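Beneath this line is the structure, given in structure tokens, with notes to follow.
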């Protein structure tokens, strides 16, 4: 659900920056550990299940890693991974999202963009190699009222292809979260990357016109796999 304000800023947008409060990794540990787990998982499964196709093996590895990471995250509340960019968190209510957005505005981390005579949008700026990209977040809320998904949509630079722009976003996410855990088959002529840490899933890909990266709480929804749409979605 996209938040919008009339005169008073209510649109929820996100800037990815390198500051500690705006773009966080996992204290420099979780992302690296997840990637190492993923690598060993793939090697072991290929040895034991050489009869699987490459696509089937990839799906098998992703499912196994998601199961392992979610189980780890759910052992205790301290293991849950809720952080997203700009200090937003999975599980935040609409009220908490609004309050956090206003705090970010006071800290001057937001840029106001006039959309119409009475409507303004507040965007964060993604600090990429080629410059700053205005980026917004579209929050989705579960039945319990908390954020379970955030779709981030950075504005592509004029004259730069989607694939090259995606690679700049990939470089920044790698800086924050460590190397990606999986590279899926290309989508819309672009690479497709996935990071999995505990209950947090990050998906980076191209749409028909733009680049998006999505944070998802795996306790609520399992995103699409490499070969098919998984239907096991439980909105809590």
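Residue numbers (the working numbering): 124 to 359. Using N, Cα and C, we set each Cβ at its ideal position, and we do this for glycine too. Please read all numbers here as calculations on a predicted model, not as lab measurements.
| Item | Value |
| --- | --- |
| Own chain, CB closer than 6 Å to residue 219, minus 5 neighbours either side, in chain order | none |
| Residue 343 (DSSP reduced to helix, strand or coil) | coil |
| Classification of residue 239 by the beta-carbon crowding that lies within 10 angstroms, buried from 16 upward | exposed |
| CA-to-CA distance, residue 282 to residue 321, given in whole angstroms | 37 Å |
| Top-ranked residue by Cα proximity to residue 226, from 213, 209, 237, 242 | 209 |
| Residue 258 - DSSP class collapsed to helix/strand/coil | strand |
| Per-residue DSSP class, three states only, for residue 240 | coil |
| Option in 244, 199, 271 with minimal Cα separation from residue 342 | 271 |
| Inter-residue spacing [alpha-carbon to alpha-carbon] between residue 251 and residue 229 | 23 Å |
| Residue 186, buried or exposed, once every other Cβ within 10 Å from all chains shown has been counted against 16 | exposed |
| Endpoints, the alpha helix (DSSP H) within which residue 194 is located | 177-196 |
| Opening and closing residue of the alpha helix (DSSP H) in which residue 233 lies | Neither: residue 233 is in no alpha helix (DSSP H) and is coded neither H nor E. |
| Residue 174 to residue 180 span [Cα, whole Å] | 9 Å |
| Contact check, residue 360 vs residue 294, beta carbons under 7 Å | Residue numbering for the chain in the displayed model covers 124 to 359; residue 360 lies beyond these limits and cannot be assessed. |
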